[in-house]
Amino acid sequence: MRYRAEVFVTLKPVVNDPAGLTIRGGLHALGFDSVTEVRAGKYLVLTLDESDAAEARARLDDMARQLLANAVIEDYRIELEPIAEPVAAGERPA
Amino acid sequence: MRTGIVVFPGTWSDRDCAHAVLDVLHEPVRYIDHREQNVDGLDLVILPGGFSYGDYLRCGAIARFAPVMEAVADFANRGGLVLGICNGFQILQEARLLPGALLRNDSCEFRCEWVHLRVEQNNSAFTLDCRPGQVLRIPISHGEGNFFADADTLDALERDGQVVFRYCASDGRVTAASNPNGSLRNIAGISNARGNVVGLMPHPERACEPLLGSDDGLFLFRSAIHALARVAV
Numbered sequence: 007m008r009y010r011a012e013v014f015v016t017l018k019p020v021v022n023d024p025a026g027l028t029i030r031g032g033l034h035a036l037g038f039d040s041v042t043e044v045r046a047g048k049y050l051v052l053t054l055d056e057s058d059a060a061e062a063r064a065r066l067d068d069m070a071r072q073l074l075a076n077a078v079i080e081d082y083r084i085e086l087e088p089i090a091e092p093v094a095a096g097e098r099p100a
Numbered sequence: 074m075r076t077g078i079v080v081f082p083g084t085w086s087d088r089d090c091a092h093a094v095l096d097v098l099h100e101p102v103r104y105i106d107h108r109e110q111n112v113d114g115l116d117l118v119i120l121p122g123g124f125s126y127g128d129y130l131r132c133g134a135i136a137r138f139a140p141v142m143e144a145v146a147d148f149a150n151r152g153g154l155v156l157g158i159c160n161g162f163q164i165l166q167e168a169r170l171l172p173g174a175l176l177r178n179d180s181c182e183f184r185c186e187w188v189h190l191r192v193e194q195n196n197s198a199f200t201l202d203c204r205p206g207q208v209l210r211i212p213i214s215h216g217e218g219n220f221f222a223d224a225d226t227l228d229a230l231e232r233d234g235q236v237v238f239r240y241c242a243s244d245g246r247v248t249a250a251s252n253p254n255g256s257l258r259n260i261a262g263i264s265n266a267r268g269n270v271v272g273l274m275p276h277p278e279r280a281c282e283p284l285l286g287s288d289d290g291l292f293l294f295r296s297a298i299h300a301l302a303r304v305a306v
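Here the protein sequences come in this chain order: A and B.
The first sequence begins at 7 in our numbering and counts up one residue at a time.
The second sequence begins at 74 in our numbering and counts up one residue at a time.
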């Protein structure tokens, strides 16, 4: 089964985020005074083939723990959805 | 002191390190390719500064999985001397050979300037020749040197004497104004519990000759030579 996974990596709440503060400053400079906080992070989109959703999620957890996020400073969240297998050219309906 | 200098794709301070060790201190040097799988026969392994693997994802995150890093970890665990400078410090943290992490500078600017460092302890292999409280003048050159660790880890580092260098004023006072990047407690460099692995953001290899503005960086390399002599005796 083919899956599309979105991985959101964000700094832990306790970690200072200079980029987020700078973006908030930019928004305030543009007059968006209602913004009280901005947290910047990373957004990764992975396509992977796994036997089922549980297996896919377990593998993605491993990936996040080992590489995609640094547990010292970052949290992560994974969203997973199955995607349709590409149809081979010969099987395409006329 | 047989010194190996690891070269990853994107490393940029390898030649500066070799110049300091070979040309200034006349100690033998070899470059270690990131694909090598052993570091046998060496006394000191330096992870130099740069932008390994483009610093993609996080600084040091990809380098940490280079084939050579398993050998470096074994070497460190056997008591071999390891010095991580700038990107090398980031790699040591990603490899969990040192605690904490290095965030983007609080200014969001790349900082390339001279700083003063207060030596906090002389138990590490790289500060043996220093006296606690000594002030070194050494340059920094980084965008992500903002030292972070959670409160418990910070307290443990302080308690166990693993804070090696702090950013300070020229008279040694640790002040907010002398902190170039927002590092918690002005921490510029730390060691592991054993003192054989040290990481720091400033570049001692760029301060090894008066012509360059300072030779204070030699304290670190000479300390390593003396640490090795002490082990050999």
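We put the beta carbon where it would ideally sit given N, CA and C, even for glycine.
What you are looking at is a predicted structure, and each value in this text was computed from that prediction instead of being measured.
Checklist line | Partner residues on chain A for G216 of chain B, Cβ-Cβ distance less than 9 Å | finding: One-based indexing of the second sequence puts residue 216 of chain B at position 143. Going along chain A, no residue has its Cβ under 9 Å from G216 of chain B, so there is no contact; the nearest lies around 11 Å.
Checklist line | P24 of chain A: contacting residues in chain B (beta-carbon distance under 8 Å) | finding: In the first sequence, residue 24 of chain A corresponds to position 18, counting from 1. Under the 8 Å cutoff, chain B gives L176, R177, N178, D179, S180, C181, N219 and G255.
Next item on the list: Check whether the Cβ atoms of R279 of chain B and G290 of chain B sit closer than 9 Å, and answer yes or no.
Entry: As a position in the second sequence, residue 279 of chain B is number 206, starting the count at 1. As a position in the second sequence, residue 290 of chain B is number 217, starting the count at 1. Cβ distance < 9 Å, so R279 of chain B and G290 of chain B count as in contact.
Check: T28 of chain A CB to nearest chain B CB: under 9 Å?
Finding: Mapped onto the first sequence, residue 28 of chain A falls at position 22. Output row for T28 of chain A: interface = yes.
Next item on the list: With DSSP collapsed to three states, give me the class of E231 of chain B.
Entry: The count along the second sequence starts at 1 and reaches residue 231 of chain B at position 158. It is helical.
Notebook entry, point to check: Who are P212 of chain B's beta bridge partners in DSSP?
Noted result: Stepping through the second sequence from its first residue, residue 212 of chain B is reached at position 139. Answer is B:W187.
Margin query: Determine whether the beta carbon atoms of V97 of chain B and F199 of chain B lie at a separation below 9 Å.
Written below: Looking up residue 97 of chain B in the second sequence gives position 24. Looking up residue 199 of chain B in the second sequence gives position 126. No, Cβ-Cβ distance for V97 of chain B and F199 of chain B is not below 9 Å.
Check: What's the C-alpha gap between K18 of chain A and L230 of chain B?
Finding: Start at 1 with the first residue of the first sequence, and residue 18 of chain A comes out as number 12. Start at 1 with the first residue of the second sequence, and residue 230 of chain B comes out as number 157. The alpha-carbon atoms of K18 of chain A and L230 of chain B are separated by roughly 21 Å.
Next item on the list: Report buried or exposed for A136 of chain B, applying the criterion of at least 16 other Cβ atoms within 10 angstroms of its Cβ.
Entry: As a position in the second sequence, residue 136 of chain B is number 63, starting the count at 1. A136 of chain B should be labelled buried.
Next item on the list: Going by CA-CA distance only, name the one from B:L154, B:E217 and B:S197 that's closest to S28 of chain B.
Entry: An answer regarding residue 28 of chain B cannot be provided, because it is not within the stretch 74 to 306 covered by chain B.
Checklist line | Within chain B, the residues that V21 of chain A reaches when beta carbons sit closer than 8 Å | finding: Locating residue 21 of chain A in the first sequence gives position 15, where the first residue counts as 1. Within chain B, the residues near V21 of chain A are L176 and F221.
Notebook entry, point to check: N219 of chain B bridges to which residues according to DSSP?
Noted result: In the second sequence, the residue the question calls residue 219 of chain B occupies position 146. Paired residue(s): B:L176.
Next item on the list: At 7 Å on the CB atoms, spell out the chain B contacts of V13 of chain A, in chain order.
Entry: Residue mapping note: residue 13 of chain A aligns to position 7 of the first sequence, counting from 1. Neighbours of V13 of chain A on chain B: none; closest Cβ ~11 Å, over 7 Å.
Check: When the Cα atoms are used, what is the spatial distance from T226 of chain B to C159 of chain B?
Finding: The sequence position of residue 226 of chain B within the second sequence is 153, counting from 1. The sequence position of residue 159 of chain B within the second sequence is 86, counting from 1. Computed Cα separation, rounded: 21 Å.
Next item on the list: State yes or no: is the C-beta of N259 of chain B within less than 9 Å of the C-beta of R232 of chain B?
Entry: One-based indexing of the second sequence puts residue 259 of chain B at position 186. One-based indexing of the second sequence puts residue 232 of chain B at position 159. No, the pair does not count as a contact, with Cβ atoms beyond the cut-off.
Next item on the list: Spell out whether any CB of chain B is found under 9 Å from the CB atom of V78 of chain A.
Entry: Here residue 78 of chain A refers to the residue found at position 72 of the first sequence. Closer than 9 Å: yes.
Notebook entry, point to check: Which residue from B:A266, B:P82, B:G153 and B:N254 puts its Cα closest to that of N178 of chain B?
Noted result: Along the second sequence, read from residue 1 onward, the residue named residue 178 of chain B stands at position 105. Among B:A266, B:P82, B:G153 and B:N254, the Cα nearest to that of N178 of chain B is on B:N254.
Checklist line | Whole-number beta carbon distance between G153 of chain B and L115 of chain B, since they are thought to touch under 8 Å | finding: Here residue 115 of chain B is taken as the residue at index 42 of the second sequence, counted from 1. Here residue 153 of chain B is taken as the residue at index 80 of the second sequence, counted from 1. 7 Å between Cβ atoms; contact.
Margin query: Between which two residues does the beta strand (DSSP E) holding P101 of chain B run?
Written below: By 1-based counting over the second sequence, the position of residue 101 of chain B is 28. Counting along the chain, P101 of chain B falls outside any beta strand (DSSP E), and DSSP gives it neither H nor E.
Notebook entry, point to check: What is the C-beta distance between H107 of chain B and A139 of chain B, in whole angstroms, given that I count them as a contact (C-beta under 8 Å)?
Noted result: Looking up residue 107 of chain B in the second sequence gives position 34. Looking up residue 139 of chain B in the second sequence gives position 66. Sure, about 4 Å apart at Cβ, within 8 Å.
Checklist line | For F14 of chain A, the first and last residue of its enclosing beta strand (DSSP E) | finding: Sequence index remark: in the first sequence, residue 14 of chain A carries index 8 (1-based). That run of the beta strand (DSSP E) goes R8 to L17.
Next item on the list: For the beta strand (DSSP E) containing P88 of chain A, list its first residue and its last residue.
Entry: On the first sequence, position 82 is the one that residue 88 of chain A refers to. E80 to P88 is the span of the beta strand (DSSP E), which, as asked, contains P88 of chain A.
Next item on the list: Check whether the Cβ atoms of L156 of chain B and A297 of chain B lie closer than 9 Å to each other.
Entry: As a first step, residue 156 of chain B must be located in the second sequence, where it is residue number 83. As a first step, residue 297 of chain B must be located in the second sequence, where it is residue number 224. Contact: yes.
Item checked: Residues bridged to T28 of chain A (per DSSP) -> Residue 28 of chain A sits at position 22 when you count from the first residue of the first sequence. Bridge partners of T28 of chain A: none, in fact.
Next item on the list: Just the chain A side, please: which residues come within less than 8 Å of R258 of chain B by C-beta, in chain order?
Entry: By 1-based counting over the second sequence, the position of residue 258 of chain B is 185. What R258 of chain B touches in chain A: nothing, since even the nearest Cβ is about 13 Å away.
Check: What separation, rounded to the nearest whole angstrom, lies between the Cα atoms of D58 of chain A and L66 of chain A?
Finding: Here residue 58 of chain A refers to the residue found at position 52 when the first sequence is read from its first residue. Here residue 66 of chain A refers to the residue found at position 60 when the first sequence is read from its first residue. Approximately 12 Å, taken between the alpha carbons.
Check: Going along the chain, which residues of the region 62-75 of chain A sit with their C-beta nearer than 8 Å to a C-beta in chain B?
Finding: L73 and L74
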